[in-house]
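Just below is one structure, and these are the notes that go with it.
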Amino acid sequence: MVSTGQGTGTAKAESVCSGSCLSFSPHFLTAETLANVDWKWDENTVAHHTDRYNTKELVVRRGQPFVLTLTFHGTKPLGSNLTLIAETGAKPDLQAKTRVAFAVSSIPCSGSWGAVQTAADAMSVSVSISSPPTAIIGCYRLSVTTGSGSTMPATSLGTMVLLFNPWLKGDDVFMPNDAEREEYVLSEFGLVFSGSADHISNFGWDYGQFQEDILNICLTLLDRSRICKQDPQSDLARRNDPKHVSRVLSAMVNCNDDSGVLWGKWKNLNKGKHPSSWMGSVDILRKWKVSEFQAVKFGQCWVFAGVLTTVLRCLGIPTRMISNFSSAHDKDRTLTVDEYFDASGNPLTTETKDSVWNYHVWNESWFVRPDLGSAYDGWQILDATPQERSTGIFQCGPASLTAIKEGDVHLNYDTAFVFAEVNADQISWEKDPLTGKFKRHKVDTKSIGQFTVTKAVGSNTQMDVTNNYKYAEGSAKERAVFEKAHSKLNLNTMRSTAVNRVPTPKPNISGKFKVQRTHEVGKDVHLALMLTNLASEPKTLEAHMTAWTIVYTGKPIHEVWKNEQSVTLGPKEEKIFPIKIPYEKYQQYLMTDNMIRTTALCRVEKEGDILVERVITLENPSLTIKVLGQVKVNEEVRVEVVFTNPLDQEVKDCVLLAEGSDLLVDKIKLDAPPVQAKKQGTIQFALTPSKVGTKQLLVNFSCDRFQNIKAFESMDVAQ
Numbered sequence: 002m003v004s005t006g007q008g009t010g011t012a013k014a015e016s017v018c019s020g021s022c023l024s025f026s027p028h029f030l031t032a033e034t035l036a037n038v039d040w041k042w043d044e045n046t047v048a049h050h051t052d053r054y055n056t057k058e059l060v061v062r063r064g065q066p067f068v069l070t071l072t073f074h075g076t077k078p079l080g081s082n083l084t085l086i087a088e089t090g091a092k093p094d095l096q097a098k099t100r101v102a103f104a105v106s107s108i109p110c111s112g113s114w115g116a117v118q119t120a121a122d123a124m125s126v127s128v129s130i131s132s133p134p135t136a137i138i139g140c141y142r143l144s145v146t147t148g149s150g151s152t153m154p155a156t157s158l159g160t161m162v163l164l165f166n167p168w169l170k171g172d173d174v175f176m177p178n179d180a181e182r183e184e185y186v187l188s189e190f191g192l193v194f195s196g197s198a199d200h201i202s203n204f205g206w207d208y209g210q211f212q213e214d215i216l217n218i219c220l221t222l223l224d225r226s227r228i229c230k231q232d233p234q235s236d237l238a239r240r241n242d243p244k245h246v247s248r249v250l251s252a253m254v255n256c257n258d259d260s261g262v263l264w265g266k267w268k269n270l271n272k273g274k275h276p277s278s279w280m281g282s283v284d285i286l287r288k289w290k291v292s293e294f295q296a297v298k299f300g301q302c303w304v305f306a307g308v309l310t311t312v313l314r315c316l317g318i319p320t321r322m323i324s325n326f327s328s329a330h331d332k333d334r335t336l337t338v339d340e341y342f343d344a345s346g347n348p349l350t351t352e353t354k355d356s357v358w359n360y361h362v363w364n365e366s367w368f369v370r371p372d373l374g375s376a377y378d379g380w381q382i383l384d385a386t387p388q389e390r391s392t393g394i395f396q397c398g399p400a401s402l403t404a405i406k407e408g409d410v411h412l413n414y415d416t417a418f419v420f421a422e423v424n425a426d427q428i429s430w431e432k433d434p435l436t437g438k439f440k441r442h443k444v445d446t447k448s449i450g451q452f453t454v455t456k457a458v459g460s461n462t463q464m465d466v467t468n469n470y471k472y473a474e475g476s477a478k479e480r481a482v483f484e485k486a487h488s489k490l491n492l493n494t495m496r497s498t499a500v501n502r503v504p505t506p507k508p509n510i511s512g513k514f515k516v517q518r519t520h521e522v523g524k525d526v527h528l529a530l531m532l533t534n535l536a537s538e539p540k541t542l543e544a545h546m547t548a549w550t551i552v553y554t555g556k557p558i559h560e561v562w563k564n565e566q567s568v569t570l571g572p573k574e575e576k577i578f579p580i581k582i583p584y585e586k587y588q589q590y591l592m593t594d595n596m597i598r599t600t601a602l603c604r605v606e607k608e609g610d611i612l613v614e615r616v617i618t619l620e621n622p623s624l625t626i627k628v629l630g631q632v633k634v635n636e637e638v639r640v641e642v643v644f645t646n647p648l649d650q651e652v653k654d655c656v657l658l659a660e661g662s663d664l665l666v667d668k669i670k671l672d673a674p675p676v677q678a679k680k681q682g683t684i685q686f687a688l689t690p691s692k693v694g695t696k697q698l699l700v701n702f703s704c705d706r707f708q709n710i711k712a713f714e715s716m717d718v719a720q
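Under the working numbering, the final residue of the sequence shown carries the number 720; numbering is consecutive throughout.
Right, here's the structure in full:
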């Protein structure tokens, strides 16, 4: 019996390759008896930056040598007489490169599988094995035979996992900057930026790509994909290509067309878990596996993006989350989004399928695009949120970031859709109450894609990447790119760019909502409408003002305030009209996004109308984390979470959730006593870090008055 030397990592780790379609036919023992295989676990995993994976199999990266030692009973064969065989897939095939045989030699191979003898003694042989930088990623079975023929009976050495290699120049995912590799491949923690363009906030997300069973689940996602089921051999042969792998996974993270991970839902969430309650990907992916691949309920855009980040980083593709504020959803591929209002400024959502999300979260992954040309290498946009079908299924990308900035919307994949998300024109229409017809109110070329941000490398701060997506808003270059994109899509409709750019008659009045303070849930909302007469003669107008609670996709939920006012403005005069929205009016209609949209439709006598809008994002009460002691590996430390109740009444049904990779084995849930009005409540629990380094603890607090208040704390775990 051969001892493989595997399983020297965490004892509880499951086999990555078990239960996968990447299974292998058994081999037979040769006349030469193999006694032991030493996979050189520590040496190989450190060299390949895979020492953080919690697996039984050795995990290595393609194109980079790894070493193992074979020990024999009796006299060992000459190294030059050994042939190694690597196989992947249910039906390994030499032509498809899912089965390769290569002799141990004294000369390293370049660009193909090969093995070189590095040491030998009376009983053992050490060999350095190399795969090409274009090798198929996934589970491999290694075996050995004597002689030069790969058809000879062979002895199994065991299984290993091969991943993409961002450290290797020549791999399609090569990323030259070490700090960026640390952030976009090795970091298990990220930030989600949310809110609105006027008020960007963030919360933590636990990727957990190295946690137990996650690599197994990521490979299972590929095996259970629609394309794998339709043509497994072709799909497997293409798993050397990051654009194929990432596109497949953008479909598999949602469940719309296959047995994917997440069920996306934006209303009626009572039959599943609210998307805002998730704090990381590990719990979601494990639930998907444990349920025998039933969709996990529920996800929204940041949840899809968080899970896709985990899966792609786990497989070795550098990936980050991107938040786009004032993000367009262009249903009809016109590069415009239309919004409709009645004469009082109330939104008419049934008139359009287009929408503007206050923010939308997607992914960028780093790899080359030989299908498009080297100019389009680098960041590629992917989106697992099921918004529109692409080639028949809900998937999006990879779309080259360069193609989007340059308006090359005809290039693969889904570039036009992403271009519209950041650079569409927004058109407002008002319904005439007498005729029922709509008149175009305004064309706004600057409101979409106001800010596009991501987490900065090496710090928990925001990095603005708006200029990666488009030229300066309103510049000649930006407008030229828009026209180019319009031309590439052959948009010769009534809403062509020429028609859209016809100036709409405007009264000489300007208006804006002014917000002077940060607003908190549980308190009245104060703002002001500022109107200015730009003309040298007096102006009279009627201002129809409304406020609606909304969700982050822009969908209105309920009207919580309205007012109408006649206003006379003298020449060049400015007037300010204070607005107060009481907490009692909005409390029962405020969604977990904490958003209220205010609108003022100002009808100027004998001239025309102006439309003024503002989204206000309210902040949750404070939640703080205190670490009560020094944090050391394998030693228990207590943590205290403090919630401050801002209300004039008690809050009850208090629940705290906590999780963190390498800090807690599983997510914990703690019930807490009620918190009195204007008082603080504390919850304590213990954790025992399992690894050294900087780790992140995430907590989520809910009660009868507040839902899913989040906080995170960095911990430097010492030896």
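Beta carbons are placed, not taken as given, at the ideal position from N, Cα and C, and that holds for glycine. Owing to the predicted nature of the structure, the values given are computational and were not obtained by experimental measurement.
In terms of residues, what are the limits of the beta strand (DSSP E) holding residue i?
{"i": "S366", "result": "356–368"}
{"i": "N509", "result": "Segment: none, N509 is in no beta strand (DSSP E) and carries neither H nor E."}
{"i": "H722", "result": "This structure does not reach residue 722, given that the chain is present from 2 up to 720, and the question cannot be answered."}
{"i": "Q381", "result": "379–383"}
{"i": "T320", "result": "320–330"}
{"i": "G307", "result": "Here G307 belongs to no beta strand (DSSP E); instead the alpha helix (DSSP H) covers 302–315."}
{"i": "A116", "result": "115–121"}
Excluding five sequence neighbours on each side, which residues of the same chain lie with their C-beta closer than 6 angstroms to the C-beta of residue i?
{"i": "M464", "result": "T455, A457"}
{"i": "V419", "result": "I382, A400, I405"}
{"i": "S111", "result": "none"}
{"i": "F190", "result": "Q697"}
{"i": "R314", "result": "V186, Q210, T320"}
Under the rule that 16 or more other beta-carbon atoms within 10 Å means buried, what is residue i, buried or exposed?
{"i": "T44", "result": "Contrary to the premise, residue 44 reads as Glu rather than Thr in this sequence. E44 is exposed by the Cβ-count criterion."}
{"i": "P243", "result": "buried"}
{"i": "E183", "result": "exposed"}
{"i": "G630", "result": "exposed"}
{"i": "P399", "result": "buried"}
{"i": "E574", "result": "exposed"}
{"i": "Q650", "result": "exposed"}
{"i": "Q681", "result": "exposed"}
{"i": "R598", "result": "buried"}
{"i": "I108", "result": "exposed"}
{"i": "G661", "result": "buried"}
{"i": "S567", "result": "exposed"}
Along the chain, where does the alpha helix (DSSP H) containing residue i start, and where does it finish?
{"i": "P243", "result": "243–253"}
{"i": "Y590", "result": "Note, Y590: premise wrong, no alpha helix (DSSP H); not H, not E."}
{"i": "C603", "result": "From DSSP, C603 is part of no alpha helix (DSSP H) but of the beta strand (DSSP E) over 596–605."}
{"i": "E44", "result": "42–48"}
{"i": "P579", "result": "Looking at the DSSP string, P579 is not in any alpha helix (DSSP H); the run it does join, the beta strand (DSSP E), is 575–582."}
{"i": "Q697", "result": "Taken as a continuous stretch (DSSP letters only), Q697 belongs to no alpha helix (DSSP H), being part of the beta strand (DSSP E) at 694–703."}
Using a threshold of 8 angstroms, state whether the C-beta atoms of residue i and residue j are closer than that.
{"i": "A344", "j": "P434", "result": "yes"}
{"i": "G346", "j": "T645", "result": "no"}
{"i": "P319", "j": "Y185", "result": "yes"}
{"i": "G209", "j": "S282", "result": "yes"}
{"i": "V410", "j": "I428", "result": "no"}
{"i": "P387", "j": "G265", "result": "yes"}
{"i": "G523", "j": "P647", "result": "yes"}
{"i": "G139", "j": "L220", "result": "yes"}
{"i": "E407", "j": "V482", "result": "yes"}
{"i": "C256", "j": "V249", "result": "no"}
Please go through the same chain and pick out, in chain order, the residues whose beta-carbon is closer than 7 angstroms to the beta-carbon of residue i, but skip the five residues on each side of it.
{"i": "I626", "result": "V640, V642, L698, V700, A712, E714"}
{"i": "A425", "result": "A329, D331, L336, T337, V338, I449"}
{"i": "L270", "result": "F299"}
{"i": "Q451", "result": "A198, F326, S327"}
{"i": "T350", "result": "K556, P557"}
{"i": "G694", "result": "V718"}
Leaving out five residues before and five after residue i in sequence, what residues of the same chain have Cβ atoms less than 8 angstroms from its Cβ?
{"i": "V291", "result": "none"}
{"i": "D525", "result": "K581, I582, P583, Y584"}
{"i": "T593", "result": "H275, S277, Q708, N709"}
{"i": "K288", "result": "V297"}
For a test of your reading of the model: does the CB of residue i fall under 7 angstroms from any non-hydrogen atom of the ligand PLP? Yes or no.
{"i": "L612", "result": "Looking at this structure, you won't find the ligand PLP or any other ligand, since it has none at all."}
**Asked** Given 8 angstroms as the limit, is there contact between the segment 124–139 and the segment 60–67, that is, 3 or more CB pairs closer than that?
**Response** yes
**Request:** State whether the segment 434–447 contacts the segment 157–166, with contact taken as three or more CB pairs (one from each stretch) at a distance under 8 angstroms.
**Result:** no
**Request:** Indicate whether the contact test is met: 3 or more Cβ pairs, each with one atom in the segment 102–122 and one in the segment 38–53, closer than 8 angstroms.
**Result:** no
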